[in-house]
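Participant:
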Amino acid sequence: ALDTGMPAQQVYPAPARVQPPGFDRPIANYGHAAFGQADLVTATHKSINTVYAQLITDVGVGETAELARRLGITSIDSSGALYGSIALGSYEVSPLEMASAYSVFAARGLHVDPTPVVRISRGAKVIEDNTVTGRGEPVLQAGVADTVNQILRGVITSGTGVRANIGVPAAGKTGTSQNYENAWFVGYTPALSTAVWVGHAEGNVPMLRIHGLSAVAGGTIPAQIWHDFMAVALRNVPPTDFAAPGPFETAAQRERRAERLGVDPGPGDEGTLVIPAVPPYYPDP
2 ALDTGMPAQQ VYPAPARVQP PGFDRPIANY GHAAFGQADL VTATHKSINT VYAQLITDVG
62 VGETAELARR LGITSIDSSG ALYGSIALGS YEVSPLEMAS AYSVFAARGL HVDPTPVVRI
122 SRGAKVIEDN TVTGRGEPVL QAGVADTVNQ ILRGVITSGT GVRANIGVPA AGKTGTSQNY
182 ENAWFVGYTP ALSTAVWVGH AEGNVPMLRI HGLSAVAGGT IPAQIWHDFM AVALRNVPPT
242 DFAAPGPFET AAQRERRAER LGVDPGPGDE GTLVIPAVPP YYPDP
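Positions 2 to 286 (this note's numbering) are the ones given, in order, by the sequence shown.
1) With a floor of 4 residues, list each alpha helix (DSSP H) that falls wholly inside the region 83–169, ordered by position along the chain.
2) Enumerate in chain order the residues of its own chain whose CB-to-CB distance from A44 is below 6 Å, with the five nearest sequence positions on each side excluded.
3) Within 10 angstroms of the Cβ of H33, are there 16 or more other Cβ atoms? Answer buried if so, exposed if not.
4) Within 8 Å, do at least three Cβ pairs link the region 136–143 to the region 166–176?
5) Going straight from the alpha carbon of L97 to that of R258, what length do you get?
6) Given that a residue counts as buried once 16 or more other Cβ atoms are within 10 Å of its Cβ, and exposed if not, what is T161?
7) Might you give, ordered along the chain, the residues of its own chain that have their beta carbon closer than 6 Å to the beta carbon of G155, omitting 5 neighbours on each side?
8) With a threshold of 16 other CB atoms inside 10 Å of the CB of P14, please say whether the residue is buried or exposed.
9) My guess is that D59 and Q10 are in contact by the Cβ rule of under 8 Å, so how many angstroms apart are they, rounded?
10) Would you check if the distance between the CB atom of N166 and the CB atom of I157 is smaller than 9 Å?
11) Candidates S91, S48, I128 and T75: which alpha carbon is nearest N183's?
12) Evaluate the contact criterion for the region 185–200 versus the region 102–116: three or more CB pairs, one atom per stretch, below 8 Å.
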């Protein structure tokens, strides 16, 4: 949505239930709550399903799946049959994929393939080096990633993920599937991205009346696990803040520039030649 030029302050109706085009059944909010109207920031902080069901019909199911694939969600085949419920987590993904995808936001649009081995050496000889520094493929504009970071920070500071607050700049998102069968918290700092999934290994079994909770949602046990892990993992890492959101080029602007073959007329008569970055239309700021 941001990449197409839609502002984060875009307002949608936020009733308890909706059934937009492309959905074969009504979509309900957590606890069947109604919110009147909500912008995209509030809808993200409060996990308002009915807003996101409408949003994906506006921005496109295929386009959303393709962006997810670029971010690292490889289990979703963007060329296959897709449904609007992809916006609400109806496709199965792995914690590794989720941590990888959210790391793109932390890295301001750069994607790095996950690897279990960072570095191998024998004495002074380096046999393999997969450190991230200087590597990565730009798959999202930095300005878009920075805006996502700003929105997802609010999930931890004042939204559904407050139990994940570790006292340093961090961002993330809760997730709870139908009948409390799966619960997630995926979050990150500028230095580390971590995904937590809680569920039954044998399949989709409702998680009810566990550890004194009536039901396990993403903002409960998963957010607490994330908090406890990150507090230790980042103990010796100096906290850093996310970059402030800046301007970025919308999809429509990229298309117009492509039609001009990369020539931006600018304010004068001579024009300015714009050298596209690689991959095209995602320039390094």
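Even for Gly, the Cβ is constructed at its ideal location relative to N, Cα and C. Just so it is clear, the structure is predicted and the values come from calculations on it, not from any experiment.
Facilitator: According to the structure shown:
1) Counting whole runs of 4 or more residues, the region 83–169 contains the alpha helix (DSSP H) stretches 96–107 and 143–159.
2) V52
3) exposed
4) no
5) Rounded to the nearest whole angstrom, the CA to CA distance from L97 to R258 is 36 Å.
6) buried
7) H46
8) exposed
9) Contact flag wrong, Cβ pair sits at about 15 Å.
10) yes
11) S91
12) yes
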